[in-house]
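Residue numbers (our numbering): 2 to 150.
Glycine residues also receive a C-beta, built at the ideal position from the N, C-alpha and C atoms.
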């Protein structure tokens, strides 16, 4: 007799479980309506980056512009042995060579420095301006070639 009692309980529990499952599944068949405009506003980016290319005509850059945009990457930190910007001691033997020799080294490349300091679009005059500007920060008194208007 004790065996019949659990069977009787299970017999009544099965239809109840089936009814609950059917009710849950019936609710899942309805799709909620999505407002595409609301969705679009909710997923807008937090920030936006816009990149604008600034084109400067070759030959019109100043020594300062070139040093800040190209040369500073190595010379400000002293990377791969580059003499640091403004370090008179590191620049003294180089300054003793004169502007023309420094300029020739910068155009051809020297050590880890690539030709034209990596600025392949620099004109010879622009390299000369950059050399004069960078050397003058270390105590030289080189004349930077003027920018022609």
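| Check | Outcome |
| --- | --- |
| Any non-hydrogen atom of the ligand SAM within 6 Å of residue 107 CB | With respect to small molecules bound, the structure shown includes none, and the ligand SAM cannot be examined in it. |
| Inter-residue Cα distance where the pair is residue 21 and residue 35 | 28 Å |
| Option in 76, 78, 101, 46 with minimal Cα separation from residue 144 | 101 |
| Distance CB(residue 103)-CB(residue 132) smaller than 7 Å | yes |
| Cβ neighbour criterion (16 or more within 10 Å) applied to residue 49 | exposed |
| Cα-Cα separation, residue 87 to residue 72 | 13 Å |
| Selection from 85, 94, 81 that minimises the alpha carbon distance to residue 68 | 85 |
| Residue 61 beta carbon less than 7 Å from that of residue 128 | no |
| Buried or exposed by the 16-neighbour rule on C-beta atoms within 10 Å, applied to residue 80 | exposed |
| Close beta carbons around residue 138, own chain, < 7 Å, minus the five adjacent residues each side | 86, 87 |
| Residue 128: first and last residue of the uninterrupted alpha helix (DSSP H) it sits in | 125–138 |
| Exposure of residue 89, with buried meaning 16 or more beta-carbon neighbours within 10 Å | exposed |
| Integer Cβ distance of residue 116 from residue 109, believed to fall under 8 Å | 6 Å |
| Proximity of residue 126 and residue 146 at Cβ, strictly below 7 Å | yes |
| Reference residue 112; option with closest CA among 82, 120, 130 | 82 |
| Three-state secondary structure (DSSP) of residue 34 | coil |
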